[in-house]
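Enquirer:
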Amino acid sequence: MRGCATSASTSGARSGSLLRVGSDDGRRHGSGFSRRGSSPSRRTPVWFRRKGSATVRVDATDDDADIDISVFQFTLGIPGIPDEQVPRILGTFTCFLLALNHFTAGYVDGAQVRSEVVALILGATCIALPTLNSAISFNNSSILSQAERTVGNTKELFYLCQDRGEDTMKELAWVSFALLKNTNSAFVLYAEDGKVMLARGSFKIPGLPTGIPVTENYPMDRVLCTSFEMTGGFAVLQKLAGEGTVCLENRFAIDRYGLYKDLCFVAKGIESVVVSRAGENGVLIAGANAAKAFSTKQQKWIANVAKKLSSS
């Protein structure tokens with residue numbers, strides 16, 4: 027396909043630092059995406075669930091609300107030590123020094139004992155912090171790790187179409203990163219006017235369409251985009267989304283709507299999808315490898331991102 031920016035790897039394409047979308051003056055913060063041949067309606071939706079159904083539909087109201095999507099990733103950069111384990115290491119070291127000081131002291135008075143008890147409590151709290159943080163984060167957001175999002179029989183792909191200019195490409199790149207970072211999405215695809223504008227994550231790459239030569243390193247981006255256009259994927263997604271957003275929460279619902287058959291890029295390992303209309307000519311789809319993987323908050327997030335894409 028002519029004029030596209032692509033990056034594909036087996037380890038995934040999820041990286042970045044800062045994204046801000048939604049200010050009225052159109053400012054965008056963030057940079058960095060792979061380019062071939064170069065260096066690297068703001069409305070709050072109303073939600074309802076049909077009882078006994080695996081389908082959730084989202085409609086928009088007239089309440090205006092800016093969407094502010096911020097992703098800032100800060101790391102200490104200590105080699106071999108994950109940032110989340112730093113409190114545990116510090117707490118263990120503190121308790122060790124506390125014990126050493128206690129047993130080497132010739133005389134321990136009451137004031138020192140009380141100080142040691144306080145220090146012991148603080149050290150134990152630091153040791154328990156990573157475990158507590160993991161439990162709280164899972165209960166509040168249920169964001170799966172990248173390893174937990176692995177989808178079998180898929181390829182990792184990062185594709186951007188250059189037809190809309192560099193600023194739009196930057197926005198698409200950072201929006202895709204934000205969705206993969208803040209939801210349980212295993213893949214994100216945005217199409218406009220029948221063409222794929224963005225594809226990022228784990229995709230089933232179909233057989234080579236007519237006109238694309240069979241080579242050892244065949245262009246996965248061309249295969250995906252051409253197959254999407256040839257099989258009418260855009261019409262399928264628009265029909266499903268309607269004028270709002272729809273979430274299919276399990277494999278049965280996805281199969282009932284024929285997405286495994288009609289969407290060439292959806293692997294059998296995908297068990298939840300969210301499809302959202304992006305204006306008159308766009309549609310956004312995100313998929314996950316677990317049933318009911320998208321919480322209500324995540325579904326709203328995807329719907330608002332689609333609305334923002336429609337106004338950009």
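Numbering-wise, our numbering puts 241 at position 215 of the sequence shown, and it's gapless, one number per residue.
Heads up, the beta-carbon is just placed ideally off N, CA and C, and yes, glycines get one too.
(1) Fully enclosed by the region 173-232, which alpha helix (DSSP H) runs are 4 residues long or longer?
(2) How long is the line joining the alpha carbons of residue 249 and residue 114, rounded to whole angstroms?
(3) Kindly indicate the opening and closing residues of the alpha helix (DSSP H) around residue 249.
(4) Could you compute how far the alpha carbon of residue 148 sits from the alpha carbon of residue 201?
(5) So, for residue 232: in the same chain, excluding its five sequence neighbours on each side, which residues have a beta-carbon less than 6 Å away from its beta-carbon?
(6) When burial is assigned at 16 or more other CB atoms within 10 Å of the CB, is residue 308 buried or exposed?
(7) Apart from the five residues on each side of it in sequence, which residues of its chain come closer than 7 Å, Cβ to Cβ, to residue 286?
(8) By the DSSP assignment, the beta strand (DSSP E) with residue 314 in it spans what residues?
(9) Go to residue 298, then tell me how far its beta strand (DSSP E) extends in each direction, as first and last residue.
(10) Using only the alpha-carbon positions, how far apart do residue 173 and residue 310 sit?
(11) Under the rule that 16 or more other beta-carbon atoms within 10 Å means buried, what is residue 271, buried or exposed?
(12) Using C-beta distances below 6 Å, list every residue in its chain close to residue 78, excluding the 5 sequence neighbours before and after it, in chain order.
(13) Just to confirm before moving on: does the CB-CB distance between residue 124 and residue 146 stay below 8 Å?
(14) Please confirm whether residue 173 has its beta-carbon closer than 8 Å to some beta-carbon of chain C.
Expert: Once the coordinates are examined:
(1) As summarised for the region 173-232, the continuous alpha helix (DSSP H) elements at least 4 residues long and confined to that stretch are 192-208, given in chain order.
(2) Looking at the two C-alpha atoms, the distance is approximately 47 Å.
(3) Per DSSP, residue 249 belongs to the alpha helix (DSSP H) from 246-256.
(4) Residue 148 and residue 201: Cα-Cα distance of roughly 40 Å.
(5) Within the same chain, Cβ atoms closer than 6 Å to the Cβ of residue 232 are found at 253, 290, the five residues on either side in sequence being excluded.
(6) By the neighbour-count rule (16 or more Cβ atoms within 10 Å), residue 308 is buried.
(7) If the five residues before and after residue 286 are omitted, its C-beta is found closer than 7 Å to the C-beta atoms of 280, 292, 294, all from its own chain and listed in chain order.
(8) For residue 314, the enclosing beta strand (DSSP E) stretches over residues 308-314.
(9) That run of the beta strand (DSSP E) goes 298-304.
(10) Answer to the nearest angstrom: the Cα atoms are 24 Å apart.
(11) Buried, by the Cβ-count rule.
(12) Any reading at residue 78 needs caution, since the residue's pLDDT is 46, under 50, leaving its predicted position unreliable; the model's value is listed next. Excluding residues within five positions, none has a Cβ falling inside 6 Å.
(13) Taking 8 Å as the Cβ cut-off, residue 124 and residue 146 qualify as a contacting pair.
(14) Checking the listed chains, one finds no chain C in this structure; it contains a single protein chain.
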